[in-house]
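Asker: This structure is in structure tokens; I'll ask about it shortly.
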Amino acid sequence: MDALKPYLEKNKQRFLDELFELLRIPSVSADEKYAADVKKAAEFVKVELLRAGADKAELCQTKGFPIVYGEKILDPKLPTVLVYGHYDVQPADPLELWNSPPFEPVVKDGNIYARGACDDKGQMYMHVKAFEMMMKNDALPCNVKFIIEGEEEVGSVNLEAFAIENAAKLKSDVVLISDTSMIANDVPSITTGLRGLTYLEVEVTGANRDLHSGVYGGAVANPINILCDMISSLHDKDRKVNIPGFYDDVQEVSKQERDQMAQAPFSLDEYKKHLDIDEVIGEKGYSTLERVSIRPTLDVNGIWGGYIGQGAKTVLPSKAFAKISMRLVPNQSSEKIMKLFEAHFKKIAPAGVKVKVMPHHGGEAAVTPTDSIAYKAAARAMETTFGKTPIPLRTGGSIPIVTMFEKVLGIKSVLFGFGLDSDAIHSPNEKYGLFNYYKGIETLPYFYQYFTEMSK
Ligand code: BES
Ligand code: MN
Ligand code: MN
């Protein structure tokens with residue numbers, strides 16, 4: 000282990016240059032225009048795994064984008080770590096809000112700015128570099144397998160079938176994932192829970208064509224007006240989701256865990272300041288941290304219809320659309336919530352419009368253990384490099400494969416993220432701190448060491 004720190008120091012610039020190369024590939028999985036780039040990113044990861052010292056690295060074809068699988072098996076009797084990450088990224092729009100082009104990474108004020116800098120190329124690539132460091136310094140203490148996919152941002156639709164088919168090949172003792180955030184660079188934390196997700200699109204149709212809003216307005220349903228009415232009825236005055244049965248399966252969190260959450264360092268003033276808002280809004284009876292982690296929610300992600308070009312056009316549109324997501328908590332089923340939504344949304348549609356509900360992807364919430372060897376090894380690794388014990392904390396984002404891996408492979412995960420909530424993932428000007436990138440690379444080998452020691 001002593002050799003690793005000097006190795007990291009010596010190779011810092013190259014580690015950054017390589018990440019930049021990966022960040023320059025616009026691997027946007029949601030947009031077919033980038034399909035060739037998504038494949039290029041997969042190829043890049045495969046080549047780098049081999050160069051870092053993997054015995055084997057391959058592109059596994061799926062119905063969608065390839066899954067990169069790599070491994071280094073020292074001895075089947077040793078423990079095995081399965082590293083999961085994703086090489087695809089979210090679309091970069093709106094482009095005009097970026098201070099520098101999203102696929103031309105730059106370092107500014109100690110941060111790497113680029114789409115995917117944090118989510119998840121920067122965090123995933125830390126694993127490749129930590130692996131290289133261990134390989135080149137004879138410090139890898141156990142077996143490691145890599146599964147790096149290219150469809151995380153579009154729901155990991157082909158990963159479950161792959162996991163089922165390749166269960167034997169993926170057999171491991173823990174899944175190690177860096178795709179979440181910490182509280183702050185001087186307040187390390189480990190994520191212990193993620194929310195689930197139900198994502199869908201709705202379409203409301205009025206008349207069979209766009210109409211003159213003077214000639215017909217007032218007499219025929221305006222689907223945009225109706226859609227807005229319907230959407231606003233989905234929350235009650237306490238900001239609870241107003242869909243019958245929505246809360247039926249929600250697992251309430253114990254008073255003890257809520258008390259513990261209340262102890263986590265969090266400043267509402269700073270939170271508001273950072274977002275430039277004068278007040279927070281959410282479900283009555285819960286704190287901000289609770290609202291974004293242990294409570295289910297419903298949000299409109301996009302809404303459109305009618306005329307949005309320059310100037311004014313007097314038109315009563317034929318159709319209105321919205322994309323809606325619901326974040327779910329443990330014990331809620333994403334499929335059941337989809338059905339509840341669909342039934343309710345159709346029921347509240349007034350006569351005069353037709354309503355369609357089109358399901359997108361979904362996934363289940365997850366809770367990860369804090370009493371496992373793997374969690375303890377991760378906590379000790381952070382203690383070693385940050386000088387502080389990490390705080391266990393649930394978060395609001397979703398990584399559906401955590402529950403899927405547990406179900407299909409019987410393996411639990413450690414959510415060992417090094418990002419910050421302020422990294423603006425999925426937003427313009429996504430960034431990742433140089434501190435975080437290098438700290439992650441420095442910390443990961445300790446995880447391997449402690450995990451192997453503690454597994455004996
Ligand atoms: N890495 C994120 C999830 C995340 C971010 C978890 C921050 C915790 C903290 C992941 O890439 C992501 O964006 N997931 C999607 C869900 C997916 C099914 C598209 C999400 O949470 O919206
Ligand atoms: Mn991610
Ligand atoms: Mn993401």
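Position 92 of the sequence shown, counted from 1, bears residue number 91 in numbering that gives the first Met the number 0, the numbering being contiguous throughout.
Note that the Cβ used here is the ideal one computed from N, Cα and C, for glycine as well.
According to the neighbour-count rule (16 or more other Cβ atoms, all chains shown, within 10 Å of its Cβ), is residue 118 buried or exposed?
Answerer: Mapped onto the sequence shown, residue 118 falls at position 119. Buried, since its Cβ has 16 or more Cβ neighbours within 10 Å.
Asker: From residue 454 to residue 278, what distance separates their C-alpha atoms?
Answerer: Numbered from its first residue, the sequence shown carries residue 454 at position 455. Numbered from its first residue, the sequence shown carries residue 278 at position 279. Approximately 48 angstroms, taken between the alpha carbons.
Asker: If the criterion is Cβ atoms closer than 8 angstroms, does the pair residue 36 and residue 24 meet it?
Answerer: Counting from 1 along the sequence shown, the entry for residue 36 is found at position 37. Counting from 1 along the sequence shown, the entry for residue 24 is found at position 25. Against a cut-off of 8 angstroms, the Cβ pair of residue 24 and residue 36 comes out as a contact.
Asker: Comparing C-alpha positions only, which one of 96, 54 and 353 sits nearest to residue 223?
Answerer: Residue mapping note: residue 223 aligns to position 224 of the sequence shown, counting from 1. Considering only alpha carbons, the answer is 353.
Asker: For residue 235 and residue 241, what's the separation of their Cα atoms in angstroms?
Answerer: Counted from its first residue, the sequence shown places residue 235 at position 236. Counted from its first residue, the sequence shown places residue 241 at position 242. The alpha-carbon atoms of residue 235 and residue 241 are separated by roughly 6 angstroms.
Asker: Whose CA, out of 291, 230, 290 and 398, lies closest to the CA of residue 347?
Answerer: Residue numbering aside, residue 347 sits at position 348 when the sequence shown is read from its first letter. With distances taken between Cα atoms, residue 347 lies closest to 230.
Asker: What I want to know is whether the C-beta of residue 193 ends up closer than 7 angstroms to one or more non-hydrogen atoms of ligand 1.
Answerer: On the sequence shown, position 194 is the one that residue 193 refers to. Correct: residue 193 has its Cβ closer than 7 angstroms to ligand 1.
Asker: Can you find a heavy atom of ligand 1 that lies under 7 angstroms from the Cβ of residue 329?
Answerer: Numbered from 1 along the sequence shown, position 330 holds the residue referred to as residue 329. Incorrect: residue 329 has no Cβ contact closer than 7 angstroms to ligand 1.
Asker: Quick check: residue 116 and residue 429, are their CB atoms within less than 8 angstroms of each other?
Answerer: One-based indexing of the sequence shown puts residue 116 at position 117. One-based indexing of the sequence shown puts residue 429 at position 430. A contact, by the Cβ cut-off of 8 angstroms.
Asker: Taking 7 angstroms as the cut-off, is the C-beta of residue 89 nearer than that to any heavy atom in ligand 5?
Answerer: Absent from the structure shown: ligand 5. Ligands present: ligand 1, ligand 2 and ligand 3.
Asker: List the DSSP bridge partners of residue 59.
Answerer: Translated into the one-based positions of the sequence shown, residue 59 becomes position 60. Its beta-bridge partners are 66.
Asker: Helix, strand or coil: how does DSSP classify residue 247 here?
Answerer: Indexing the sequence shown from 1 puts residue 247 at position 248. DSSP places residue 247 in coil when its eight states are reduced to three.
Asker: Between residue 462 and residue 356, which are expected to be in contact by the criterion C-beta below 8 angstroms, what is the C-beta distance as a whole number of angstroms?
Answerer: There is no way to answer for residue 462, as the model of the chain reaches only from 0 to 455.
Asker: By Cβ distance, which residues of its chain are closer than 8 angstroms to residue 533, with the 5 residues on each side in sequence left out?
Answerer: With the chain represented from 0 up to 455, any question about residue 533 goes unanswered, as that position is not in the structure.
Asker: On a Cα-Cα basis, can you pick out the residue from 410, 86 and 263 that is closest to residue 173?
Answerer: For the purposes of this step, residue 173 is taken as the residue at position 174 of the sequence shown. The shortest Cα separation from residue 173 among 410, 86 and 263 belongs to 410.
Asker: According to DSSP, is residue 197 helix, strand or coil?
Answerer: In the sequence shown, residue 197 corresponds to position 198, counting from 1. In this structure, residue 197 counts as strand in the three-state DSSP scheme.
Asker: Beta carbon of residue 442, beta carbon of residue 381: below 8 angstroms?
Answerer: The count along the sequence shown starts at 1 and reaches residue 442 at position 443. The count along the sequence shown starts at 1 and reaches residue 381 at position 382. Result yes, Cβ atoms of residue 442 and residue 381 sit closer than 8 angstroms.
Asker: Per DSSP, what kind of secondary structure is residue 296 in: helix, strand or coil?
Answerer: Start at 1 with the first residue of the sequence shown, and residue 296 comes out as number 297. Residue state, collapsed to three classes: strand.
Asker: Under the three-state reduction of DSSP, which class applies to residue 361: helix, strand or coil?
Answerer: Counting from 1 along the sequence shown, the entry for residue 361 is found at position 362. Note: residue 361 maps to strand in three-state DSSP.
Asker: Please report the Cβ distance between residue 394 and residue 79, rounded to the nearest whole angstrom; I am assuming they are in contact, meaning their Cβ atoms lie under 8 angstroms.
Answerer: Counted from its first residue, the sequence shown places residue 394 at position 395. Counted from its first residue, the sequence shown places residue 79 at position 80. Incorrect: roughly 26 angstroms between the Cβ atoms, too far for contact.
Asker: Compute the minimum distance between the beta carbon of residue 273 and the heavy atoms of ligand 1, and state whether it is under 7 angstroms.
Answerer: Position 274 of the sequence shown, counted from the first residue, corresponds to residue 273. No, Cβ of residue 273 sits at least 7 angstroms from all heavy atoms of ligand 1.
Asker: Just tell me which of 138, 419 and 170 has its CA closest to the CA of residue 432.
Answerer: Against the sequence shown, residue 432 aligns to sequence position 433. That would be 419, whose Cα lies nearest to the Cα of residue 432.
Asker: Would you call the CB atoms of residue 63 and residue 123 closer than 8 angstroms?
Answerer: For the purposes of this step, residue 63 is identified with residue 64 of the sequence shown, where counting begins at 1. For the purposes of this step, residue 123 is identified with residue 124 of the sequence shown, where counting begins at 1. No, the Cβ-Cβ distance between residue 63 and residue 123 is not below 8 angstroms.
Asker: Check this for me: beta carbons of residue 149 and residue 41, under 8 angstroms apart or not?
Answerer: Locating residue 149 in the sequence shown gives position 150, counting from the first residue. Locating residue 41 in the sequence shown gives position 42, counting from the first residue. Yes.
Asker: Assign residue 325 to one of three DSSP states: helix, strand, or coil.
Answerer: Against the sequence shown, residue 325 aligns to sequence position 326. Three-state result, residue 325: strand.
Asker: Taking all protein chains shown into account, do 16 or more other C-beta atoms lie within 10 angstroms of the C-beta of residue 361, making it buried, or fewer, making it exposed?
Answerer: Your numbering for residue 361 matches position 362 in the sequence shown. Its Cβ being crowded by 16 or more others within 10 Å, residue 361 is buried.
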